[in-house]
Structures are given as structure tokens and as C-alpha cells.
Amino acid sequence: MTFRKIFFVAAAAICCAASATAGQASRTEGGLAFQAQGLNVRVEFYSPDIVRVYKEPVSRPCKKVSIPVIMKPGRVELSFGGGGGVATVASERVAVSVDTETGGIVFADKQGNIMLRDKDYGTQFTPRDDAGRPSFEVRQAFLLDSAEVIYGLGQQQTGLVSQRNQRLLLRNQNMSICIPFVHSAKGYGLYWDNYSPTTFTDNPQEMSFDSEVGDCADYYFIYGGTADGVIAGVRALTGQAPMYPLWTLGFWQSRERYKSPDELCEVVDKYRELKVPLDGIIQDWQYWGCDSNWNSMRFENPRYINKMGDPDYMRFLPKGEKADATGAEPRIKTAKEMIDYVHKRNAHIMISVWASFGPWTDMYHRMDSIGALYDFETWPRHAGVKPYDPFNPVARDLYWAEMKRNMFDLGMDAWWLDSTEPDHFDIKDSDFDVKTYQGSFRSVHNAFPLVTNRGVYEHQRQATSDKRVFLLTRSSFLGQQHYASHSWSGDVTSTWDNMRRQIAAGLNYSLCGIPYWGTDLGGFFASRYNNDINNVAYHELHVRWYEWGVFQPIMRSHNSSPVAVEIYQFGKKGYWAYDAIEKYTRLRYRLLPYLYSTAWEVTSGSGSIIRPLVMDFAGDSRVLELGSEYMFGRSFLVRPVTDSLYTWQDARRNGHQKDMADVASVDVYLPAGADWLDFWTGSKHSGGQTVMREVPIDIMPVYVRAGSIVPFGPDVQYATEKRWDNLEVRVYPGADGRFTLYEDENDNYNYEDGAYTTIEFEWDEAARTLTIGERKGKFKGMLKSRKFNIVLVGGSTPAGDVPAKGRTVRYDGRALTVSL
């Protein structure tokens with residue numbers, strides 16, 4: 001009997017006993033249970049779209065509680081059938097067939113199209129000792145279609161978009177975020193719920209997950225039909241993404257590191273003096289002092305608290321810093337003054353907090369007293385520093401209490417949770433025997449960043465609803481979007497090849513359902529450019545990376561010492577690098593209404609900001625493995641320039657400039673299924689073709705999908721400087737289109753109680769009319785009336801980054817229609 005026919009045979013009698021026996025399947029409230037190959041197997045529908053498969057040795061039953069999964073099984077209407085050693089169960093969306101002899105499981109849609117096969121005899125449990133506890137190595141194999149394209153697995157540095165035909169060790173480390181989740185172009189996702197180091201293998205024979213330790217084989221099949229549907233399933237399973245404050249979507253400046261409050265505040269001053277927009281400044285490590293005092297969570301470096309020369313504090317001065325205390329008296333004398341000064345300059349401040357503690361800190365001894373330190377080598381090396389145990393709820397309480405008392409209560413705005421893998425050097429297998437509150441470190445390793453970020457998020461939410469949580473973290477796991485967590489791609493070296501690799505890394509990370517991701521703009525280590533900020537070849541790389549940063553969810557410039565990358569390090573107005581950086585910074589701020597509204601779609605509708613082209617153009621086979629471009633929201637197609645075109649380096653890595661009048665071009669593929677308008681010129685192109693786009697140093701190829709409606713904000717110095725009472729609304733004709741403008745109070749959680757407004761814009765291509773719908777909702781201080789400057793792009797109105805003149809209409813919240 002064919003698989004297709006199995007689902008449509010008349011319902012057959014199957015065993016309904018409370019417990020299954022070999023060769024039979026029991027009907028359960030949520031699915032099926034049976035025994036096969038010495039395993040107890042349960043198939044349970046959590047929803048019509050999400051199916052959990054749970055397998056355990058008959059001789060060693062266990063009770064598993066998932067770390068990232070917060071969804072509880074719901075009541076799902078199911079139909080049952082079977083015959084000939086096969087049992088079936090189906091919802092309105094997914095049909096599952098199980099072979100009670102081989103243990104094989106097949107997932108299909110209701111039309112009988114096979115999505116995925118859990119391989120016959122594909123589950124293996126190999127006994128092992130896990131830090132003195134009997135356990136297993138667990139392996140699960142699946143069968144994919146030969147031409148199937150899969151994505152996901154977190155953020156890998158392979159430079160590949162498709163994850164087929166690879167063997168990868170999924171163990172979190174700097175620059176590699178490891179998530180055992182695959183997202184198929186066929187419209188389903190598969191999450192292997194195991195947190196130990198896991199080897200992913202795909203070859204012509206099978207796809208498999210081989211985990212170092214586990215008591216069960218546990219996975220979730222998520223049917224979406226589309227990529228957006230899969231991501232909606234991931235969010236339903238592991239949690240929705242909350243809104244960030246509006247100011248987080250502006251520009252962030254960082255450096256490794258600002259060495260005093262004066263130095264940090266002078267950066268903010270300089271941006272304000274130059275009138276270049278800025279919303280965030282970041283204090284990196286060693287505000288606490290030396291390595292032995294690592295991450296004390298206190299401002300104990302004498303330079304930060306006006307204690308230079310004080311013997312009680314000079315011992316904290318970082319190694320290598322001059323102890324000369326005869327310099328000028330500091331302007332900013334305390335951490336509180338620093339934070340207040342940043343706020344008075346209409347900016348926000350984030351601070352680096354690590355997941356480890358040095359032996360001089362109080363936190364080290366508090367954690368040690370409850371057995372919440374891991375004994376292996378971490379960063380900084382050879383200083384006695386140890387990671388803490390975030391799986392321990394008491395340790396999480398201690399961690400937040402210290403952050404709150406010493407920083408949050410001073411007014412700190414956001415947290416940089418660094419080294420959340422955590423850093424691990426001189427790795428030995430015995431290091432993974434370290435006991436955590438939830439088992440061996442081996443058994444929970446990859447979930448470390450999830451529980452670390454969750455601990456801070458939940459504690460801040462308990463402390464106040466007036467300030468939204470914003471977390472920057474170097475590592476991640478499935479479900480981390482639920483805890484206001486934004487990941488970046490780690491400490492990558494500044495090279496063109498690494499820049500290219502980050503695009504594919506970000507696309508796969510986004511397809512894991514986690515929407516906020518970015519990079520160190522320009523890369524972190526500039527050693528390939530002799531760590532010389534005056535190296536013109538580095539200028540080109542930084543400018544191109546920075547241009548791409550405008551179209552990342554969070555825009556943050558950061559680099560390793562001794563290189564500093566503030567805009568004024570790149571010369572002055574009139575120099576091409578400075579001018580390009582300023583131009584793109586202003587463009588980012590003009591895009592804030594579009595980006596904030598897209599963020600609302602992320603929160604309210606399980607949307608995505610970084611949209612690999614498979615999400616919108618799955619029918620175009622040419623985009624399935626394309627790793628050079630993507631959609632930014634639903635309107636913008638961006639193609640970062642990832643090659644050196646205007647500079648070159650000699651054998652000593654010194655940079656030299658070419659003639660910039662000799663303009664180079666790059667190829668851009670415009671997906672089939674839409675027409676496209678060049679953002680900079682307004683020229684129109686049909687989809688399904690590759691075009692060559694000229695790219696002078698200040699132009700990155702950006703195309704807008706026909707039918708897009710894009711609001712542009714005012715020219716500002718920080719995100720909330722001006723109200724959105726006179727927005728430019730651009731219509732890109734060529735197809736019907738819709739856009740929802742979202743607004744709220746910008747930085748609290750009142751939106752969760754309905755304090756927000758939406759305005760729906762709808763373009764009718766045939767009638768050439770833009771309908772602005774009735775305003776829905778309300779919040780304190782909302783605009784009751786405003787102007788919209790309606791611009792029809794094309795012909796003599798190319799727009800680009802320059803404000804365009806259009807037709808001005810007044811809007812008071814009532815629907816109106818504009819003919820264009």
C-alpha cells in the first residue's frame with residue numbers, strides 16, 4: 001500500500017490500551033504510543049502544525065523537561081487509521097505514519113506529500129558514563145529528498161547558505177552559534193531537543209544528529225507550508241519576541257574599549273558636535289579593573305571613580321595601564337555621573353557583563369559557596385577566572401541582584417552579555433564532567449546562553465515595566481528571541497571574505513526563527529590592515545561593511561584595540577570614507593518608521609527582519625542557495641558589496657587607493673515574481689534576471705519591491721528627537737501593496753496592554769490610489785493629527801536617501817484616499 005493511500009483508508013481498529021506493546025500502537029489523547037526496536041515511542045500533536053516525537057529505551061524510561069520549549073500541548077482534533085503494521089494519525093494540517101516494527105515515522109501534509117522521514121531503525125542509544133551517571137550517546141537519522149535544500153543550524157562560519165552535504169560539530173563557541181534546528185525549503189522545520197555537543201551530518205545516505213549525551217531522543221516537527229509559517233511555529237513553540245525600545249534601532253558606537261568615563265562621554269560629545277546621529281554608546285570590559293577582579297559588576301577601576309593614586313583602588317588598575325595620577329582632573333568623576341551625562345546628551349548606554357568572575361570578586365566567592373562555578377580555563381586566561389552556573393536559580397538571582405544594585409539602579413539602559421558560550425580553552429573531555437544545577441556541563445552546554453539571557457530578562461521584567469529589556473549576546477540557542485536577546489556574529493577578523501561569510505551566517509540564523517542579529521561593523525580584529533586606522537584599504541572595507549549595517553536589525557560599529565572606529569577617525573567632511581559613513585547613518589535614521597513597524601510585525605505576527613530570499617520567492621529556484629543578498633523587511637532587497645574595488649594592499653599590508661572615477665559594478669539578482677525599482681534612481685527592472693549595478697563607494701545596491709509602501713522619518717540626531725508628525729510616505733508602483741505603520745510609547749511594556757496605534761496604507765495599482773485607513777488603537781501622547789508627504793517613486797522622482805517633494809495630505813485618524 002502506498003503512503004498516500006494509507007492516510008485515506010477507512011479508520012481501522014488499533015489498540016487503545018493504556019500502554020503500547022511491541023508491534024502495536026496505542027491511541028493517546030494527543031497522538032500515538034508504541035514500542036519498536038526496544039524503545040517506547042510517543043507521537044504527540046502540540047498543535048495542528050507541531051508534532052513532538054519522544055523515544056526512550058524500554059529499560060530506562062525518563063521524564064524530560066525541555067529548556068527552550070514553553071508551549072504546552074493543546075487539544076487537537078485528530079483522525080486515526082492504520083493497517084498492516086502501520087498506524088496513522090492526522091490533524092487538519094499534518095499526517096503522521098508510524099511503522100511499529102522498524103520505528104520509522106513519515107510526516108506528510110494532508111495532500112499526502114511527504115515532508116520528512118524518520119529513518120527505519122534510525123534511532124540509536126549507546127550506553128555511556130556521563131560524569132558518573134549512566135546515560136547514552138543518542139543518534140537519530142532522517143531521510144531527505146535528494147534535491148531538498150535545508151537551512152538553519154544557527155550561525156556557522158562556512159559561508160554556505162544551504163546546509164546539505166556537511167558535517168558540523170554543534171558546540172557553541174565564539175563566532176559559531178550552534179542550534180540543532182533545520183529549516184527546509186519544502187516548508188517544515190525540525191528541532192532536535194538536545195543541548196549537548198552534537199554532530200550534524202548530511203550525506204547521500206541520511207541526515208543525522210549524534211549527541212554526546214542524552215536520556216531520550218526528542219524532536220519536534222514543525223509544519224509551516226511556507227518559511228514564514230515555519231518561523232511562526234518556532235515562535236509558538238519557544239516564545240514570541242518582545243518589542244525593543246525605538247532608540248535601540250538607531251546607531252550604536254562601541255570600542256574595545258573606552259578607558260574612562262571622560263573618554264566615553266567625549267565620544268558622545270563629538271557626535272553631537274559633528275551633528276552625526278547617535279543613540280547608543282557601549283562601555284566594554286575592565287571598568288571593574290584588572291583580570292583578577294574580572295567582572296566584579298562594580299566600577300572599581302580607579303579611572304572610573306576618581307581614585308587614581310588611592311592605594312585601596314590602584315591594585316585594580318588593569319595591567320599595562322600607566323599608574324601616573326598627575327594628569328588633569330577628570331571631568332566625569334563617577335559611574336553615575338557618566339550615565340547621567342550620556343542621558344543628558346540624549347543617548348543611551350550599554351555595559352559589558354560577563355558570565356564569569358575573577359578570584360578577587362565578591363561574586364566569585366558567593367557563587368563558589370553555593371557550588372555555582374565551573375572549573376575550567378576561560379577568558380581571561382591564567383587569571384583564576386571561572387564561569388558561573390546560570391542553570392542554578394539562586395546563582396541567577398545573585399547575578400541580577402549585583403547588576404541591579406551596581407548598574408541598573410544607576411540608570412544603565414542595556415546589557416552586553418559577553419562570552420555566553422562560555423569561552424573555553426585547553427579543552428579536555430573531563431571539563432564537560434563539571435556539575436551544573438541541571439546535570440553535567442556536557443548535557444546542557446549549548447543551552448548556556450539561553451538560560452543566561454533568560455535570567456537577566458526575567459529579572460528586569462520583574463523589576464520594572466517602564467524600561468524594555470535590550471540584551472546583546474555573543475551566543476544563542478533556539479528560543480532566545482523570547483528574552484529580548486540580540487546576537488552578533490562574534491569576534492571576526494576584518495577581511496572581505498569574513499564579511500561575505502557573515503551574510504550566509506545571518507540568513508541561516510534568521511531562519512531559526514530568531515529575528516535580531518548583527519555584526520561588528522568593519523569586523524573586530526583589524527590585524528590584516530596592520531591595526532592602522534589610517535590604512536586606506538581598511539577604510540574601504542569598513543565603509544562597505546558599515547553600508548550593510550544600515551540594513552541589519554541592530555546597527556553597531558565595534559573594533560578591537562588599538563583601532564578606534566568612530567566616524568571622525570576616518571577624516572573629515574569631504575573625504576569619501578567620512579562622507580559615506582555619515583550618509584548611511586542618516587539613511588538609517590530616516591528608515592526608523594519602516595524598521596520600527598517591521599519590528600512590530602516581528603512581535604505581533606512572528607515576522608522577520610532579515611528575510612532570506614526563500615521566504616518571499618520560494619518558487620524561484622535561483623534564490624534557494626543565494627548567499628549574497630536578502631530582503632530587509634518585506635520591501636528592500638539589499639546586496640552588500642563584499643569585494644575590494646577601489647583600494648589594494650601591498651606585501652606589507654599597506655593600503656593604496658585606485659582612481660575612484662573608474663566606477664566598478666557588481667551583479668545583483670532580482671528574484672522572479674516581482675518587479676523592482678532601484679532605490680537610488682527609481683529605475684524599474686523585471687524580476688528573474690541578473691543586472692550589473694554600478695557601485696561608487698557611497699552606493700550599495702538596494703532595490704525596492706514594486707508595490708511597496710515605505711514611510712521615511714525626519715532627519716534627526718537621535719531616534720526620538722522629533723515626532724513623526726510629517727512623514728514622507730513613498731509608494732513604489734508596479735503592483736498592489738500594503739503597509740502598517742506602528743507607533744507606541746517607545747520604551748515601556750504598555751503595548752502589551754494595547755497601548756499602541758496602527759495605520760494601514762493600501763496601494764491600488766489599477767486605480768492609482770493610496771488609501772490611508774482609519775487609525776486603530778490609542779496611547780498616551782499619540783499624535784491626533786499629522787501630515788503625510790506622499791511620494792510616487794519613478795521617472796523624475798527617484799528619491800533615494802534625499803527627501804522628495806510629493807503631495808501633502810492632512811490626516812486626523814479618519815480614513816482617506818489619495819489619487820496619484
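Heads up: the sequence shown runs through residues 1 to 820, numbered per the numbering used here.
Positions of the beta carbon are idealized from the N, C-alpha and C atoms, including for glycine.
Taken through DSSP and simplified to helix, strand or coil, GLN480 comes out as helix.
Secondary-structure assignment with DSSP links CYS178 through a beta bridge to GLY154. In this structure, ASP193 and SER66 form a Cβ contact; the two beta carbons are roughly 6 Å apart against a cut-off of 8 Å. THR690: member of the beta strand (DSSP E) spanning 689-694, first to last residue. Beta-bridge analysis with DSSP links LEU670 to GLN689. Only residues of its own chain outside the window of five on either side were considered, and among them TRP294, ASN295, THR378, VAL385, LYS386, PRO387, TYR388, SER419, PRO422 have a CB closer than 7 Å to the CB of SER356, listed in chain order. The closest CA to that of TYR546, considering only TYR751, ASP650, GLY522, is found on GLY522.
Selection VAL543, PRO261, ASP491, GLY688 evaluated against LEU613 yields GLY688 as nearest (Cα-Cα).
Annotation: ASN446 to ASP291 spans about 26 Å, alpha carbon to alpha carbon. No residue range can be given for GLY74, since it is assigned to no beta strand (DSSP E) and is classified by DSSP as neither H nor E.
Per DSSP, ILE222 is one residue of the beta strand (DSSP E) stretching across 217-223. DSSP places ASN40 inside the beta strand (DSSP E), whose first and last residues are 39-45.
Between the region 182-200 and the region 138-152, the count of Cβ pairs shorter than 8 Å is three or higher; the stretches touch. Comparing C-alpha distances from VAL729 to each of THR740, ILE282, PRO562, ALA735 shows the shortest one belongs to THR740. Within its own chain, the residues whose Cβ lies closer than 7 Å to the Cβ of ALA505, once the five positions on either side in sequence are excluded, are GLN155, GLN156, GLN157, SER489, listed in chain order. Contiguous beta strand (DSSP E) elements confined to the region 749-781 occur at 756-764, 769-772, 776-778, taking only those with 3 or more residues. At the C-beta level, LYS55 and THR123 come within 7 Å of one another. The C-alpha of PHE470 is placed about 11 Å away from the C-alpha of MET412. Under the 10 Å beta carbon count, ARG255 is surrounded by 16 or more other beta carbons and is classified as buried. Here the region 390-398 lies against the region 431-441, with 3 or more beta-carbon pairs under 8 Å apart.
Straight-line spacing of the CA atoms in GLU337 and CYS265 works out to 10 Å.
Apart from the 5 residues on each side of it in sequence, LYS583 sits with its Cβ closer than 8 Å to the Cβ of ASP698, ASP801 in its chain, given in chain order. For TYR575, the three-state secondary structure derived from DSSP is coil. Within the region 231-266, complete beta strand (DSSP E) segments of at least 3 residues are found at 251-253, given in chain order. Residue ILE70 holds the alpha-carbon nearest to the alpha-carbon of GLN240 among GLU206, LYS333, ILE70.
When the beta-carbon positions are compared, GLY707 and GLY673 stay at least 7 Å from each other. Judged by beta-carbon spacing, THR473 lies beyond the 7 Å limit of LEU410, meaning their Cβ atoms are not closer than that value. For HIS183, the beta-bridge partners assigned by DSSP are TYR151, GLY189.
Under DSSP, ILE105 takes part in a beta bridge, and its partners are VAL98, ASP118.
Within the DSSP secondary-structure output, LEU677 pairs in a beta bridge with LYS684, VAL704.
Around PHE779, the same chain offers ASP744, GLU745, ALA755, TYR756 as residues with beta carbons nearer than 6 Å, after the five sequence neighbours per side are excluded.
The region 667-683 makes no contact with the region 571-578: fewer than 3 CB pairs, one atom from each, lie closer than 8 Å. Of the residues ARG588, ASP368, HIS539, the one whose Cα lies closest to the Cα of GLU566 is HIS539. Using a C-beta cut-off of 8 Å, the region 710-719 makes no contact with the region 767-774, since fewer than three inter-stretch Cβ pairs fall below that distance. Residue nearest to VAL230 within the set THR361, THR464, SER606 is SER606 (criterion: CA-CA distance). Residue VAL818 holds the alpha-carbon nearest to the alpha-carbon of ARG807 among LEU373, ARG814, VAL818.
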